[in-house]
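Going by the working numbering, the sequence shown opens with residue 259, and the numbers climb by one from there.
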Amino acid sequence: MKEQETTYELSEFKAASKALCPRCRKGKIFTGNTYGFKTQKMNTHCDYCGLRYEREPGYFYVSMFVSYAFTVAEMITACVAAYVITGNDNSFWLYSIVALLTVFILSPFNYRYSRVVLMYWLSPGLNYNPNIKQKEINPTSRTL
Ligand SMILES: [Zn+2]
Numbered sequence: 259m260k261e262q263e264t265t266y267e268l269s270e271f272k273a274a275s276k277a278l279c280p281r282c283r284k285g286k287i288f289t290g291n292t293y294g295f296k297t298q299k300m301n302t303h304c305d306y307c308g309l310r311y312e313r314e315p316g317y318f319y320v321s322m323f324v325s326y327a328f329t330v331a332e333m334i335t336a337c338v339a340a341y342v343i344t345g346n347d348n349s350f351w352l353y354s355i356v357a358l359l360t361v362f363i364l365s366p367f368n369y370r371y372s373r374v375v376l377m378y379w380l381s382p383g384l385n386y387n388p389n390i391k392q393k394e395i396n397p398t399s400r401t402l
């Protein structure tokens, strides 16, 4: 009673965690891994369905707000963790270093997933279409 691979569909969260195209959930949004020796770059179009990721000029500026929210949440979490571990509540340098190190280490993650969150959950009209065919839409097309 094993399900066939061809009928298997990724859940929305799993597809987002793998940074796959929000429309077909098959093409990759980025080249390379989040943490690798090569800098991660974003594909302009989905390899599978041809979706243009930057829907309009300046579309990804909005992901800065998502990235800001990620960064604040990570810094607060790291500083609370530092407080719980060390019990030190009056060291400026401890918390400054912990906060800056957290931002530095997690910046590739924030870069990638702020854009993924923007495309998956903050873009009206960009929905999953399980029936989309490969390269159905012209890659140079600006419309969805
Ligand atoms: Zn796609």
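We put the CB at the ideal spot given by N, CA and C, even for glycine.
Lysine 272 sits in a helix when the DSSP states are folded into three classes.
In the three-state scheme derived from DSSP, where H, G and I count as helix and E and B as strand, leucine 352 is classed as helix. In terms of side-chain proximity, the C-beta atom of arginine 281 is found nearer than 7 Å to a non-hydrogen atom of ligand 1. Counting along the chain, no alpha helix (DSSP H) covers cysteine 282, and no H or E run does either. Shown here for valine 324: same chain residues with a beta carbon closer than 6 Å to its own, the five before and five after excluded, namely Ser372, Val375 and Leu376 in chain order.
The beta carbon of isoleucine 390 sits closer than 6 Å to the beta carbons of Cys282 and Cys307 from its chain, once the five residues preceding and following it are set aside; these are given in chain order.
Per DSSP, isoleucine 343 is one residue of the alpha helix (DSSP H) stretching across 321-344.
In terms of Cα proximity to phenylalanine 271, the closest of Trp379, Gly383, Leu384 and Pro388 is Trp379.
Scanning its chain for C-beta atoms nearer than 7 Å, with the 5 sequence neighbours on each side dropped, one finds around alanine 336 the residues Val356, Ala357 and Thr360, in chain order.
Beta-bridge annotation (DSSP): phenylalanine 367 is not paired with any residue.
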